[in-house]
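>
2 protein chains.
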Amino acid sequence: MAGGSGERFWPMSRHATPKHMLPIVGRGAMITQTVERLKGLIPPERVLILTQKYQIKRLRELCPQLPKKNFFAEPMRRDTAAAAALAGLLIEKRDPNATFVVLPSDAYIKDAAAYRKTLKIALEAASKNDLIVTVGMKPTRPATNYGYLKTGKPTKGLNGVLNVERFVEKPDLSTAKKYLKQGGYYWNGGVFAWSVPTLKAAFKKHCPALSKPFSRLAQAKNFEAELQKVFPKLDRISVDYAVMEKADNIAMVPATFDWDDVGEWTSTARHHAKDENGNTLCAQAVLEASKNNIVYSGNKKHLIALCGVKNLIVVHTPDATLVCDKAHAGHLKELLKKVPETYR
Amino acid sequence: MAGGSGERFWPMSRHATPKHMLPIVGRGAMITQTVERLKGLIPPERVLILTQKYQIKRLRELCPQLPKKNFFAEPMRRDTAAAAALAGLLIEKRDPNATFVVLPSDAYIKDAAAYRKTLKIALEAASKNDLIVTVGMKPTRPATNYGYLKTGKPTKGLNGVLNVERFVEKPDLSTAKKYLKQGGYYWNGGVFAWSVPTLKAAFKKHCPALSKPFSRLAQAKNFEAELQKVFPKLDRISVDYAVMEKADNIAMVPATFDWDDVGEWTSTARHHAKDENGNTLCAQAVLEASKNNIVYSGNKKHLIALCGVKNLIVVHTPDATLVCDKAHAGHLKELLKKVPETYR
Numbered sequence: 257m258a259g260g261s262g263e264r265f266w267p268m269s270r271h272a273t274p275k276h277m278l279p280i281v282g283r284g285a286m287i288t289q290t291v292e293r294l295k296g297l298i299p300p301e302r303v304l305i306l307t308q309k310y311q312i313k314r315l316r317e318l319c320p321q322l323p324k325k326n327f328f329a330e331p332m333r334r335d336t337a338a339a340a341a342l343a344g345l346l347i348e349k350r351d352p353n354a355t356f357v358v359l360p361s362d363a364y365i366k367d368a369a370a371y372r373k374t375l376k377i378a379l380e381a382a383s384k385n386d387l388i389v390t391v392g393m394k395p396t397r398p399a400t401n402y403g404y405l406k407t408g409k410p411t412k413g414l415n416g417v418l419n420v421e422r423f424v425e426k427p428d429l430s431t432a433k434k435y436l437k438q439g440g441y442y443w444n445g446g447v448f449a450w451s452v453p454t455l456k457a458a459f460k461k462h463c464p465a466l467s468k469p470f471s472r473l474a475q476a477k478n479f480e481a482e483l484q485k486v487f488p489k490l491d492r493i494s495v496d497y498a499v500m501e502k503a504d505n506i507a508m509v510p511a512t513f514d515w516d517d518v519g520e521w522t523s524t525a526r527h528h529a530k531d532e533n534g535n536t537l538c539a540q541a542v543l544e545a546s547k548n549n550i551v552y553s554g555n556k557k558h559l560i561a562l563c564g565v566k567n568l569i570v571v572h573t574p575d576a577t578l579v580c581d582k583a584h585a586g587h588l589k590e591l592l593k594k595v596p597e598t599y600r
Numbered sequence: 257m258a259g260g261s262g263e264r265f266w267p268m269s270r271h272a273t274p275k276h277m278l279p280i281v282g283r284g285a286m287i288t289q290t291v292e293r294l295k296g297l298i299p300p301e302r303v304l305i306l307t308q309k310y311q312i313k314r315l316r317e318l319c320p321q322l323p324k325k326n327f328f329a330e331p332m333r334r335d336t337a338a339a340a341a342l343a344g345l346l347i348e349k350r351d352p353n354a355t356f357v358v359l360p361s362d363a364y365i366k367d368a369a370a371y372r373k374t375l376k377i378a379l380e381a382a383s384k385n386d387l388i389v390t391v392g393m394k395p396t397r398p399a400t401n402y403g404y405l406k407t408g409k410p411t412k413g414l415n416g417v418l419n420v421e422r423f424v425e426k427p428d429l430s431t432a433k434k435y436l437k438q439g440g441y442y443w444n445g446g447v448f449a450w451s452v453p454t455l456k457a458a459f460k461k462h463c464p465a466l467s468k469p470f471s472r473l474a475q476a477k478n479f480e481a482e483l484q485k486v487f488p489k490l491d492r493i494s495v496d497y498a499v500m501e502k503a504d505n506i507a508m509v510p511a512t513f514d515w516d517d518v519g520e521w522t523s524t525a526r527h528h529a530k531d532e533n534g535n536t537l538c539a540q541a542v543l544e545a546s547k548n549n550i551v552y553s554g555n556k557k558h559l560i561a562l563c564g565v566k567n568l569i570v571v572h573t574p575d576a577t578l579v580c581d582k583a584h585a586g587h588l589k590e591l592l593k594k595v596p597e598t599y600r
């Protein structure tokens, strides 16, 4: 799933170059890292990228190992439930009994070997059972910006797989702290392995509003024309809300790798060395009496000088500069409403 | 006097383009505004610019109405006492009894007519009397970054001129407040009118360390060679310290114009309209939950976006960006020590 709109890392990310196209953390664009991480587990001809039309050209450049036809454009953004259903339909056309895993394109994961091992367990479990197998990320802090998975007993007959008792919405801080203390809770990282029949059954049972149009789409004589007709009318709901929170055949493989979806500028600080004053400097920078700032520039010849400031995010790009207080990083969307279209 | 080093308005000002070459406030470079303000009082052929060698080319472009020979380069910076003495010597060569006025190149003054009227009174008083006639700026706030002039009785026989009882160093805030309450105190704006003989006598009496080398220089067969030899050894002292604080023949004309030396970034806010949240925006800017900031860019196509910040100075230039807390504006010199030479 690579269809982001490029708001959270503005001004570095833009409408035309969202986060997954940028080297926010790690080496290379996030999508490139994600595709390369699958090497040895899933052959390139079986990696499909679901995105927006205007992003395809650049994504093909960033993932040159994938066949051109594996980049597929949704007619427009309709959230993750529609994206997952569409992915299922595209895969069904290749193999009606295929098992596949839905992956976000822009998470940061260092241990690729452990990642592949975990996905392999999930895919094998999903291929032989009527299960939706998620991957649970081990929580390292009481995060309030992720949903949590409450695990139960080990799934009978499946080594390394746990039953999921329930999906829980993003908690408040005290609830998140409680989850960490209790144990058995994992972050929902948006990774789901399932077979095509399991996906279809889940949507049919829990989300007929999407299941019905996709059934029509599956039988359409002119797929592309029907897609353009059907898609704009689809509900904008997440796969979590549409299916996961309702289904009772959910299992989970605990991740053995570190995971971070790097959801906003403040998250980047976790992945870079800090200077002696807690500053994260991904730019040519000089600082005087300044603490705990995050400084980014794509142009290492541009000097960013901070004097007497703290807890700021400073991002320089050729045509726009952001100066944002860390505590107000959540207001970036409000700010963007005021930013002229040409800078977005 | 146009020899600034371009530190206080970095990164807009640089070594090669100090503040007086920039349109910090008002229209056109500060030096251009200063020279144009003299129109009608002093003919262009009598306006001399004392500067540094590397600045002459640009200054000639900024003041095209002045003859090329009126731009004179000091061999290096030696503070204002040496500059005033050198100016006196250069003017003495044209006319040993000339009266002239020393002016900073970069103050912001709106009422040019009142300015010329005040200077005319000072020049006429200085031309007919053995007086050093300063111009006193009416204090509008208890500033601690200016020296003050304590005035006494009106100078006998000179209309609009007051005796100066003493020059006082930059006061602390409570002293400055006391001065404003008492009245009779004026800001020292670095404007001095005197005749060449009065200047020479003042330096001879109060500052022999400068008077002696300048006497030798006046008699030198090869002026330029002697200047290069003499100048490096001169004391680095201000004209205030060298002469004004000691002399007893000082008079003052109270300015009838508004005056601001615009000494640092925070001063600029006094001369621009603010938005409803107290922000001074000299750039294309968008703001969310941000108050009392000063934003500058020479490139109106570059967007500066502020989110949740207050009391910042944000200055964008093509190769460097400054983000400085207003309360730390005084630390800019410390910051600049860390800035690589190529950005200075």
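Quick mapping for you: the protein sequence lines, in order, are chains L and P. To convert, take the position in the first sequence, counting from 1, and add 256; that gives the numbering used here. To convert, take the position in the second sequence, counting from 1, and add 256; that gives the numbering used here. Note that the Cβ used here is the ideal one computed from N, Cα and C, for glycine as well. Given the structure is predicted, the values throughout are model-derived calculations rather than measurements.
Measure the beta-carbon distance from LEU405 (chain P) to PHE423 (chain P) and round it to whole angstroms, keeping in mind my assumption that it falls under 8 Å.
About 6 Å separates the two Cβ atoms, so the contact holds.
> Just list the residues that DSSP pairs ILE388 (chain L) with in beta bridges.
DSSP lists L:ILE506 as partners of ILE388 (chain L).
> Using a Cβ-Cβ distance cut-off of 9 Å, determine whether CYS538 (chain P) contacts chain L.
Chain L, which has no Cβ nearer than 9 Å to the Cβ of CYS538 (chain P), makes this no.
> Start and end of the alpha helix (DSSP H) containing GLY296 (chain P)?
Here GLY296 (chain P) belongs to no alpha helix (DSSP H), and DSSP marks it neither H nor E.
> Residues in the segment 559 to 589 of chain P with C-beta within 7 Å of chain L's C-beta atoms, listed in sequence order?
Within the segment 559 to 589 of chain P, the residues whose Cβ lies closer than 7 Å to some Cβ of chain L are LEU559, ILE560, ALA561, LEU562, CYS563, GLY564, VAL565, LEU568, VAL570, HIS572, ASP575, ALA576, THR577, LEU578, VAL579, CYS580, ASP581, ALA583, HIS584, HIS587 and LEU588, listed in chain order.
> Would you kindly work out how many angstroms separate the C-alpha atoms of ALA258 (chain L) and SER523 (chain L), rounded to a whole number?
So the two alpha carbons sit approximately 19 Å from each other.
> So which residues of chain P does ALA545 (chain L) contact, with C-beta pairs closer than 9 Å?
Those within 9 Å of ALA545 (chain L) in chain P are ASP581, HIS584, HIS587, GLU590 and LEU591.
> Just to confirm, are ALA507 (chain P) and MET393 (chain P) a CB contact at a threshold of 9 Å?
Not closer than 9 Å, so no.
> Kindly list the residues whose CB is nearer than 7 Å to the CB of LEU537 (chain L), restricted to its own chain and excluding five residues on each side of it in sequence; keep chain order.
Result list for LEU537 (chain L): ASP531 and VAL551, in chain order.
> Can you tell which of P:LYS461, P:LYS456 and P:HIS462 has its C-alpha closest to the C-alpha of LEU473 (chain P)?
Checked all of P:LYS461, P:LYS456 and P:HIS462; the closest Cα to LEU473 (chain P) is P:LYS456.
> Does the beta carbon of TYR552 (chain P) sit closer than 9 Å to a beta carbon anywhere in chain L?
TYR552 (chain P) does not count as touching chain L.
> Relative to the alpha-carbon of LEU297 (chain L), which residue among L:GLU544, L:VAL357, L:ALA561 and L:TYR442 has its alpha-carbon at the smallest distance?
Closest by alpha carbon: L:VAL357.
> Taking only the alpha-carbon atoms, compute the straight-line gap between GLY586 (chain P) and LEU375 (chain L) and give it to the nearest angstrom.
Between GLY586 (chain P) and LEU375 (chain L), the C-alpha separation is close to 56 Å.
> I'd like to know whether the C-beta of PRO274 (chain P) is nearer than 9 Å to at least one C-beta of chain L.
Chain L, which has no Cβ nearer than 9 Å to the Cβ of PRO274 (chain P), makes this no.
> Indicate the three-state DSSP secondary structure (helix, strand or coil) for MET393 (chain P) in the structure shown.
Strand, per DSSP.
> Pairs of beta-carbons, one from the segment 492 to 509 of chain P and one from the segment 446 to 460 of chain P, closer than 8 Å: are there three or more?
Output reads yes: the segment 446 to 460 of chain P touches the segment 492 to 509 of chain P.
> Please classify THR400 (chain P) as buried or exposed, where buried requires at least 16 neighbouring CB atoms within 10 angstroms.
It counts as exposed.
> State buried or exposed for SER430 (chain P), treating a residue as buried only when at least 16 other CB atoms are found within 10 Å of its CB.
Answer is exposed; the Cβ neighbour count stays below 16.
> Are any of the Cβ atoms in chain P nearer than 9 Å to that of LYS594 (chain L)?
Yes - at least one Cβ of chain P is within 9 Å of the one on LYS594 (chain L).
> Given that TYR599 (chain L) touches chain P, what residues does it touch there, using C-beta distances under 7 Å?
The answer, in chain order, is LEU559.
> Contact check, PHE265 (chain L) vs TRP515 (chain L) under 8 Å by CB: the rounded distance?
So it is not a contact: roughly 18 Å between Cβ atoms.
> Helix, strand or coil for ALA474 (chain L), going by three-state DSSP, please let me know.
Three-state result, ALA474 (chain L): helix.
> Please report the Cβ distance between LEU318 (chain L) and ILE287 (chain L), rounded to the nearest whole angstrom; I am assuming they are in contact, meaning their Cβ atoms lie under 8 Å.
Sure, about 5 Å apart at Cβ, within 8 Å.
> Starting from SER430 (chain L) and walking both ways along the alpha helix (DSSP H), at which residues does that stretch end?
Per DSSP, SER430 (chain L) belongs to the alpha helix (DSSP H) from 429 to 438.
> Using a Cβ-Cβ cutoff of less than 8 Å, which residues in the same chain neighbour LYS324 (chain P) once the five nearest sequence positions on both sides are dropped?
The residues are ARG316.
> Give me the Cβ distance between VAL518 (chain L) and ASN549 (chain L), rounded to the nearest whole Å; I'm assuming they're in contact under 8 Å.
Not confirmed; about 18 Å, so no contact.
> Measure the C-alpha to C-alpha separation of ALA449 (chain P) and ALA382 (chain P) and round it to an integer number of angstroms.
Near 6 Å, if we compare the C-alpha coordinates of ALA382 (chain P) and ALA449 (chain P).
> For my contact list, HIS271 (chain P) and SER261 (chain P) are in at a C-beta cut-off of 8 Å; report their separation, rounded to the angstrom.
At roughly 6 Å, the Cβ-Cβ gap stays under 8 Å, so HIS271 (chain P) and SER261 (chain P) are in contact.
> Starting from VAL542 (chain L), find everything on chain P with Cβ-Cβ shorter than 7 Å and list it in chain order.
Within chain P, the residues near VAL542 (chain L) are LEU591, LYS594 and VAL595.
> Identify every residue that forms a DSSP beta bridge with ALA449 (chain L).
Paired residues: L:VAL357 and L:VAL389.
> Please report how far the alpha carbon of THR396 (chain P) lies from the alpha carbon of LYS426 (chain P), in whole angstroms.
Computed Cα separation, rounded: 15 Å.
> Whole angstroms are fine: how far does the CA of VAL447 (chain P) sit from the CA of TYR364 (chain P)?
One C-alpha to the other measures close to 13 Å.
> Please list, in chain order, all residues of the same chain as GLN308 (chain P) whose beta carbon is under 8 Å from its beta carbon, the five residues on each side excluded.
Excluding sequence neighbours, GLN308 (chain P) sits near GLY259, ALA329, GLU330, MET332 and ARG333.
> In the segment 500 to 544 of chain L, which residue ranges form an unbroken alpha helix (DSSP H) of at least 4 residues, counting only runs that do not cross its ends?
Counting only runs of 4 or more, we get 521 to 524.
> Grouping DSSP H, G and I as helix and E and B as strand, with all else coil, what is GLN308 (chain P)?
Strand at GLN308 (chain P).
> Using DSSP bridges, identify the partner residues of HIS572 (chain L).
BP columns for HIS572 (chain L) point to L:SER553 and L:THR577.
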